[in-house]
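Undergrad: Got a structure for you, questions after.
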Amino acid sequence: MQTHKAKRVEITIEAVMERRLSEALEGAGVKGFTILPVLGGSGRSGRWSREGQISRASGMIAVVCIVHPNRLDPLLDAAFAVVDRHIGVVSVTDCDVVRADRF
Amino acid sequence: MQTHKAKRVEITIEAVMERRLSEALEGAGVKGFTILPVLGGSGRSGRWSREGQISRASGMIAVVCIVHPNRLDPLLDAAFAVVDRHIGVVSVTDCDVVRADRF
Amino acid sequence: MQTHKAKRVEITIEAVMERRLSEALEGAGVKGFTILPVLGGSGRSGRWSREGQISRASGMIAVVCIVHPNRLDPLLDAAFAVVDRHIGVVSVTDCDVVRADRF
Amino acid sequence: MDGILALALENLISPIILFFALGLAAAFARSDLSVPEAVAKGMSLYLLFAIGFKGGASVAAHGVDATLLFSLLAGVILSFLLPFIAFALLRVLTGLSVVDAAAVAAHYGSISIVTFVAASSVLTSAGLVFEGYMVAVAAAMEAPAILSALWLVARAGGPNGHGGGMEPGLLREILLNGSIVLLVGSFAIGAITGQEGLARIESFIVSPFQGVLCLFLLDMGLVAGRGLRETRGLLRPGLFVFGVLMPLTGAALGLVAGMILGLSTGGVMLMMTLSASASYIAVPAAMRVALPEANPAIYLTLALGITFPFNLTLGIPIYLAVAQAVTGG
Amino acid sequence: MDGILALALENLISPIILFFALGLAAAFARSDLSVPEAVAKGMSLYLLFAIGFKGGASVAAHGVDATLLFSLLAGVILSFLLPFIAFALLRVLTGLSVVDAAAVAAHYGSISIVTFVAASSVLTSAGLVFEGYMVAVAAAMEAPAILSALWLVARAGGPNGHGGGMEPGLLREILLNGSIVLLVGSFAIGAITGQEGLARIESFIVSPFQGVLCLFLLDMGLVAGRGLRETRGLLRPGLFVFGVLMPLTGAALGLVAGMILGLSTGGVMLMMTLSASASYIAVPAAMRVALPEANPAIYLTLALGITFPFNLTLGIPIYLAVAQAVTGG
Amino acid sequence: MDGILALALENLISPIILFFALGLAAAFARSDLSVPEAVAKGMSLYLLFAIGFKGGASVAAHGVDATLLFSLLAGVILSFLLPFIAFALLRVLTGLSVVDAAAVAAHYGSISIVTFVAASSVLTSAGLVFEGYMVAVAAAMEAPAILSALWLVARAGGPNGHGGGMEPGLLREILLNGSIVLLVGSFAIGAITGQEGLARIESFIVSPFQGVLCLFLLDMGLVAGRGLRETRGLLRPGLFVFGVLMPLTGAALGLVAGMILGLSTGGVMLMMTLSASASYIAVPAAMRVALPEANPAIYLTLALGITFPFNLTLGIPIYLAVAQAVTGG
Ligand SMILES: Nc1ncnc2c1ncn2[C@@H]1O[C@H](COP(=O)(O)O)[C@@H](O)[C@H]1O
Ligand SMILES: Nc1ncnc2c1ncn2[C@@H]1O[C@H](COP(=O)(O)O)[C@@H](O)[C@H]1O
Ligand SMILES: Nc1ncnc2c1ncn2[C@@H]1O[C@H](COP(=O)(O)O)[C@@H](O)[C@H]1O
Ligand code: NA
Ligand code: NA
Ligand code: NA
């Protein structure tokens, strides 16, 4: 099957920042993304878990975003403007997609 | 540690198609897959969120499937037969696995 | 944007093993990880789903861990000491990260 | 007419309507108020369980009316028939494609169980009784409309040459849809265990019912509001007119059926409500499988954003007033 | 004998059994009816909270019986003992490996709290009282069986040379299992706050109880049915026989213990039920940690798919009839 | 003094406190007992819905007191003011940075709705009535403190030169926070539908209330306990002293405000409780957006791990005794 090169960006960020991040991504011309729930994790700010939480204050989400390689830089710039001061992690992986026009 | 090349296929698809997709994957000789819940997302069909939904109609799931490279093509063919007319995204990444016989 | 090479390790494992795995990761010097819920899956031990479950016995989680390449081997050794006898899958992908000092 | 207005007004300031309005308003104002998916689904399981069981227990108490079977049959026929009317109206009033129009039509042939519940609450408040088996009629009307919609698409050649052919297994999936199974199952268990069974679980399914319904309608308001907000611009006047005209048309047919069957005033009113209401659980899921090319934003917004609030606020008082006038009840 | 049959029949058409059957049927028919994980867990928290609190409040009301400590001790001994009997039966009746047989045996030494709840509902319906501290006995019987199972594996050399040695921390994890902590904690709080505390939360833990139990059993039917469907072929006749014979054996031992302790008719019946039931919450989780080589499909299907429905339908009426006959109650 | 002690003791052995303690203990013992996020959120929706509706219905029943508006105003002023006091105390007692101190201060200016609910339960048990609109005062006190905290940071130059400037949209987001919207919305609906509306949903929002509160406090104990366990070492003596001193200071100001307003004994006590309590829902979320540099472990642990249990156990009886002594009620 004919595939095309793309980039898979995975951003783990605080749940309260969801709206701001997605607006920034849309601003950077990103055509789509997927938000996954996160159960818990660990990092410099310690261990946390979602169980029993009642507010969105201490939860995180993971946003997965597949883009054409030449959209990567604007995406990272936009994402960093949001993530910068916040708890969170950004990673980028090479991937192959099938319908290239979609990204 | 001794590792082997494999492919990680990530399929984001509507939740109602779960049974059909997993049957197709099994039909293509896939030995295993993992289904992750999806909280929300955005794409050509707009923004959506899982909160408050009562039916499976507007939710999505992400199916992660790690396969031996030479099983990739039958897998993609099978997946596309299902995903084709539907909302969704498929991406493929190179990865390394440890117990090669499992994939 | 300046990026650095890193490894993204994804471990799908039984939920009851969560505490043991995270302790092992911390023991291997891993600075952070993220735990995703898993809805269901399929493998050598058959098909399962999280719906309606009341105990943690038959659920799984996915642990994503981004590390500096030269921390990969101790991480895999530690993870395998836990995963070894258990149901589960480990895969490793190359990725790029921005703030290298964090991993 | 005054009676209708008074009733409508009284209905409008009932807690359930006000909580729906609160949800709508919160969604429009972009509040982050939200109900977790699992809780929303839990409440919908509760409502189906309670309404089914009460219906069954009521059948056990009052005996099986001779009209039960005819009512079921009438429901099935209405559900088959309504999509054709809806489809014709849509082709006249709007510029929707065949596939989109058929998908919308399927929703209006099927029913909304929450509208049914709201209508029966109004009946209970008004001191009117109704046939317990109307719950079974509701279940019987869920699925047939889907077949009509698929037939409409098939006749038109189907989307992208995929044909509108029924995928094997889909019919079974529709009929064994979780909400139908729970509703019918609870009905049967209510009928089997009767008043004795009801006595055991009454304080679970009767007393908290209205309160759960309030929270559930809050959630429906939130979902409908988010949908309307996301799809501004999509709702052209023609669609809007359809969203109000179609329930009235359905109610008229339901009235005819109820009169022919000789139902009680409450029964006639519920038959009208069922025909007037549009599905937002079983049918949307079936459409995603069978007609994925149809735009879900259109049918969900119409059913949940226009017709559901219309029925909840104006429709139900109208149907009650008409049923009372016609049956003299 | 007629009494048992009549009771069994009456029991069979109680709402809780019928909802379990509905869940089973829906799963077999591949309906998409499902209960979200969070809702199922929420209901199980509710049931543990309610049953524990009521037990504690009842102990506060009736005073601590001299037999309380002996009953706890008897429960612990039974839980240690039953796995050996189960293991022996399994080696005779089935071809299971040592590890699989030990894992199954652990489940039968431990208890199922929902079976306990169903049995106490039957007692309440029959107008029989029972010792409030039986809830504490239930909690005491959860864990010991796990140690017996690990010892059985260790004796046989352990799997793949890993030895059956108890991993450090596992015992603590088993004893501090969430369901044990909530059950024992609620029991203690019920005992401390007594009737006054009960009065405050009675309308939360007493009236809706049966209804929640119905929905919970619907879910258990769904999970059991999906398990049975996925593992067709796994359940050879030997396993099936074990799944029915073992609860009867356990009940017999429970009867002896109850008689020696001099419990009331209701207490004897509950002791039989606890011994007869098989765990499906605490033990499966412990087995995944301690004996990951054991196949979970086997023990979950046996406990939830065979023994649980057997106890629910036939077992409970039998245990009640026997307890009444023997204690003359 | 004896009265306070007796009341404190009675309060300490109430089910809600004991369930909070059970949660704390289970978390410290590393039990895996946990409440799913969706269930916890569902319970919090229920509590907001019930408390808001009851407050509104009570206002409808007793008429709008002339002091309603003044009470709202007093609440807003207190909420603006308290962070400055908290900030000053923190700078004296602890070595927290400006940003961390401001973030903590915001929490103490705002309120904890569960503390409010617990206090009103104690009032009801003691047979005291209170102004129904105190719920609206609680809502009015949620947000102003956030602005004070941002101003404190801006004055100090802001973190990393980002300035403490209010991000556009943040104010709206704070005021339309889900819990404020649901509380105010339910209050309004309760006020509109009055006793008639209350009658319809009373058995949902009144009877199960205490029971849900017990389960909810169990969860809060679990979350607080996990927080305290993870952050051992972070809680130096100065912070600990602040966590107890600040609620007493707040209560004193609340007392003054209540007396000036001429509230009933119950009203004064609730005003004290609101001023004494620290937010753990609306403010933490706002701080993550507005002051991400502030360490969440500090403010969550202080509010939930120190001040909340202090208020629940000792604070509430003290506030009641003082209010009774001062108002002569
Ligand atoms: N190396 C990592 N790999 C994967 N996830 C991470 C990593 N570091 C941090 N995270 C995630 O990001 C969250 C916040 O990280 P931190 O800002 O370091 O506290 C953690 O709770 C994890 O969920
Ligand atoms: N570029 C993308 N990266 C990640 N997820 C995507 C992307 N495009 C679409 N999706 C996901 O697929 C769903 C449907 O996409 P679409 O068919 O474009 O509406 C979206 O709601 C997202 O969850
Ligand atoms: N090839 C695979 N790709 C992705 N996930 C897998 C794969 N194989 C197994 N899994 C996951 O690991 C779980 C246990 O696998 P197994 O030990 O093969 O039964 C499955 O239920 C899946 O969630
Ligand atoms: Na209809
Ligand atoms: Na047993
Ligand atoms: Na305060």
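Protein chains in written order, with the working numbering: chain D, 10 to 112; chain Y, 10 to 112; chain G, 10 to 112; chain W, 9 to 337; chain L, 9 to 337; chain H, 9 to 337.
Beta carbons are placed, not taken as given, at the ideal position from N, Cα and C, and that holds for glycine.
Which residues, in order along the stretch 52-86 of chain H, keep a beta-carbon less than 8 Å from a beta-carbon of chain L?
TA: Listed by position, the residues of the stretch 52-86 of chain H near chain L (Cβ gap below 8 Å) amount to none.
Undergrad: Return helix, strand or coil for Lys62 of chain L, following the three-state DSSP convention.
TA: Taking the first residue of the fifth sequence as 1, we reach residue 62 of chain L at position 54. If DSSP states are grouped into helix, strand and coil, Lys62 of chain L belongs with the helices.
Undergrad: Given 8 Å as the limit, is there contact between the stretch 141-154 of chain L and the stretch 79-90 of chain L, that is, 3 or more CB pairs closer than that?
TA: Yes, they touch.
Undergrad: List the residues of chain G that Val101 of chain Y touches, going by C-beta distances under 9 Å, in chain order.
TA: Within the second sequence, numbered from 1, the residue matching residue 101 of chain Y stands at position 92. None at all; the shortest Cβ gap to chain G is about 11 Å.
Undergrad: Whole angstroms are fine: how far does the CA of Trp159 of chain L sit from the CA of Gly169 of chain L?
TA: Locating residue 169 of chain L in the fifth sequence gives position 161, where the first residue counts as 1. Locating residue 159 of chain L in the fifth sequence gives position 151, where the first residue counts as 1. Unreliable placement is indicated for Gly169 of chain L, whose pLDDT of 48 sits below 50; the coordinate value is still reported in the next sentence. Between Gly169 of chain L and Trp159 of chain L, the C-alpha separation is close to 14 Å.
Undergrad: Looking only at its own chain, which residues have a Cβ that is under 7 Å from the Cβ of Val231 of chain H, when we skip the five neighbours before and after it?
TA: Start at 1 with the first residue of the sixth sequence, and residue 231 of chain H comes out as number 223. The residues are Leu312.
Undergrad: On the three-state DSSP scale, how would you describe Leu184 of chain W?
TA: Along the fourth sequence, one-based indexing puts residue 184 of chain W at 176. Coil at Leu184 of chain W, not helix or strand.
Undergrad: So Leu328 of chain L and Met277 of chain L are in contact, right, with Cβ under 8 Å, and what is the actual spacing, rounded?
TA: Residue numbering aside, residue 328 of chain L sits at position 320 when the fifth sequence is read from its first letter. Residue numbering aside, residue 277 of chain L sits at position 269 when the fifth sequence is read from its first letter. Yes, they are in contact, since the Cβ atoms of Leu328 of chain L and Met277 of chain L sit about 5 Å apart, within 8 Å.
Undergrad: Just checking Tyr327 of chain H against ligand 6 - is the residue's beta carbon closer than 8 Å to any of the ligand's heavy atoms?
TA: Here residue 327 of chain H is taken as the residue at index 319 of the sixth sequence, counted from 1. No, the beta carbon of Tyr327 of chain H sits no closer than 8 Å to any heavy atom of ligand 6.
Undergrad: Could you check where the alpha helix (DSSP H) with Phe28 of chain H kicks off and where it finishes?
TA: Within the sixth sequence, residue 28 of chain H is the residue found at index 20, counting from 1. Start and end: Pro23 to Phe36.
Undergrad: Rounded to whole angstroms, what's the CA-CA distance from Arg94 of chain G to Phe212 of chain W? Just pull it up for me.
TA: Along the third sequence, one-based indexing puts residue 94 of chain G at 85. Along the fourth sequence, one-based indexing puts residue 212 of chain W at 204. Computed Cα separation, rounded: 45 Å.
Undergrad: May I ask which residues mark the beginning and end of the alpha helix (DSSP H) holding Phe224 of chain W?
TA: Residue 224 of chain W sits at position 216 when you count from the first residue of the fourth sequence. Where Phe224 of chain W is concerned, the enclosing alpha helix (DSSP H) stretches over Phe217 to Glu238.
Undergrad: Under 8 Å: do the stretch 223-238 of chain H and the stretch 246-258 of chain H share three or more Cβ pairs, one atom per stretch?
TA: Counting Cβ pairs under 8 Å, fewer than three are found: no touch.
Undergrad: Which class does Ile93 of chain L belong to by DSSP, given the choice of helix, strand or coil?
TA: Here residue 93 of chain L corresponds to residue number 85 of the fifth sequence, with the count starting at 1. It is helical.
Undergrad: Could you check if Gly61 of chain Y is buried or exposed, using at least 16 other CB atoms within 10 Å of its CB as the buried criterion?
TA: Within the second sequence, the letter at position 52 stands for residue 61 of chain Y. Gly61 of chain Y comes out buried.
Undergrad: Using three-state DSSP, classify Thr75 of chain W as helix, strand or coil.
TA: In the fourth sequence, the residue the question calls residue 75 of chain W occupies position 67. Reduced to three states, the DSSP call for Thr75 of chain W is helix.
Undergrad: Using 8 Å for Cβ pairs, my map puts Thr201 of chain L next to Leu256 of chain H. What's the rounded Cβ distance?
TA: Taking the first residue of the fifth sequence as 1, we reach residue 201 of chain L at position 193. Taking the first residue of the sixth sequence as 1, we reach residue 256 of chain H at position 248. Not really, about 28 Å apart at Cβ, beyond 8 Å.
Undergrad: I'd like to know if Glu35 of chain G contacts chain Y, where contact means its C-beta is closer than 9 Å to some C-beta of that chain.
TA: By 1-based counting over the third sequence, the position of residue 35 of chain G is 26. No, Glu35 of chain G does not count as interfacial toward chain Y.
Undergrad: Excluding the 5 residues flanking Ala68 of chain L on each side, which residues of the same chain have their C-beta closer than 6 Å to its C-beta?
TA: In the fifth sequence, counting from the first residue as 1, residue 68 of chain L sits at position 60. Around Ala68 of chain L: Ala199 and Gly202.
Undergrad: Pull the bridge partners of Pro300 of chain W from the DSSP assignment, please.
TA: Taking the fourth sequence and counting its residues from 1, the one referred to as residue 300 of chain W is at position 292. Bridge partners of Pro300 of chain W: none, in fact.
Undergrad: Could you check which residue in H:Pro44, H:Leu77 and H:Ala65 has the C-alpha nearest to that of Glu210 of chain H?
TA: The residue given as residue 210 of chain H occupies position 202 in the sixth sequence. The shortest Cα separation from Glu210 of chain H among H:Pro44, H:Leu77 and H:Ala65 belongs to H:Ala65.
Undergrad: Could you give the residue range of the alpha helix (DSSP H) that holds Pro245 of chain L?
TA: As a working note, residue 245 of chain L is residue 237 in the fifth sequence. Counting along the chain, the alpha helix (DSSP H) containing Pro245 of chain L begins and ends at Pro245 to Leu269.
Undergrad: Below 7 Å between beta carbons is the criterion; list the residues of the stretch 17-51 of chain Y that meet it against any residue of chain D, in chain order.
TA: From the stretch 17-51 of chain Y, only Thr21, Leu45, Pro46, Val47, Leu48, Gly49, Gly50 and Ser51 have a Cβ closer than 7 Å to chain D.
Undergrad: Restricting to Cα atoms, I'd like to know which of W:Val297, W:Pro300, W:Phe138 and W:Arg240 is closest to His70 of chain W.
TA: Here residue 70 of chain W corresponds to residue number 62 of the fourth sequence, with the count starting at 1. Nearest option by C-alpha distance: W:Phe138.
Undergrad: For the stretch 83-111 of chain G, enumerate the residues whose C-beta is nearer than 8 Å to any C-beta of chain Y, in chain order.
TA: Those would be Leu85, Asp86, Phe89, Val98, Val99, Ser100, Val101, Thr102 and Asp103, in chain order.
Undergrad: Suppose contacts are defined by Cβ-Cβ distances below 9 Å. Is Ser272 of chain L in contact with Leu136 of chain L by that definition?
TA: The residue you call residue 272 of chain L lines up with position 264 of the fifth sequence. The residue you call residue 136 of chain L lines up with position 128 of the fifth sequence. Closer than 9 Å, so yes.
Undergrad: Is the shortest distance between the beta-carbon of Leu26 of chain W and the beta-carbons of chain H less than 9 Å?
TA: Numbered from 1 along the fourth sequence, position 18 holds the residue referred to as residue 26 of chain W. Closer than 9 Å to some Cβ of chain H, the Cβ of Leu26 of chain W qualifies, so yes.
Undergrad: Please go through the same chain and pick out, in chain order, the residues whose beta-carbon is closer than 7 Å to the beta-carbon of Ala48 of chain H, but skip the five residues on each side of it.
TA: Residue numbering aside, residue 48 of chain H sits at position 40 when the sixth sequence is read from its first letter. The answer, listed in chain order, is Asp227.
Undergrad: Assuming the contact rule is C-beta atoms closer than 8 Å, Ser31 of chain G and Arg17 of chain Y should be a hit. Round their C-beta distance to whole Å, please.
TA: For this step, residue 31 of chain G is matched to residue 22 along the third sequence. For this step, residue 17 of chain Y is matched to residue 8 along the second sequence. That pair is no contact at about 22 Å.
Undergrad: Per DSSP, His115 of chain H is paired with what?
TA: Taking the sixth sequence and counting its residues from 1, the one referred to as residue 115 of chain H is at position 107. In DSSP, His115 of chain H forms no bridge with anything.
Undergrad: What does Pro23 of chain H touch in chain L if you count any residue whose Cβ is under 7 Å from its own?
TA: Here residue 23 of chain H refers to the residue found at position 15 of the sixth sequence. Going along chain L in sequence order, the residues near Pro23 of chain H (Cβ under 7 Å) are Ile197, Thr201, Gly205, Arg208 and Ile209.
Undergrad: Go ahead and label Gly251 of chain H buried or exposed: buried means 16 or more other beta carbons lie within 10 angstroms of its beta carbon, across all protein chains shown.
TA: Numbered from 1 along the sixth sequence, position 243 holds the residue referred to as residue 251 of chain H. It counts as buried.
Undergrad: For Ile63 of chain G, decide whether its Cβ has a neighbour in chain L, counting only Cβ atoms nearer than 9 Å.
TA: On the third sequence, position 54 is the one that residue 63 of chain G refers to. Cβ-Cβ to chain L under 9 Å: yes for Ile63 of chain G.
Undergrad: For chain W, find out if any of its Cβ atoms is closer than 9 Å to the Cβ of Ala66 of chain Y; answer yes or no.
TA: Reading the second sequence from its first residue, position 57 is the one you call residue 66 of chain Y. Yes, contact with chain W.
Undergrad: Is the Cβ-Cβ distance between Val91 of chain G and Ile22 of chain G less than 9 Å?
TA: Indexing the third sequence from 1 puts residue 91 of chain G at position 82. Indexing the third sequence from 1 puts residue 22 of chain G at position 13. A contact, by the Cβ cut-off of 9 Å.
Undergrad: Per DSSP, what kind of secondary structure is Lys49 of chain H in: helix, strand or coil?
TA: On the sixth sequence, position 41 is the one that residue 49 of chain H refers to. Here Lys49 of chain H sits in helix by DSSP.
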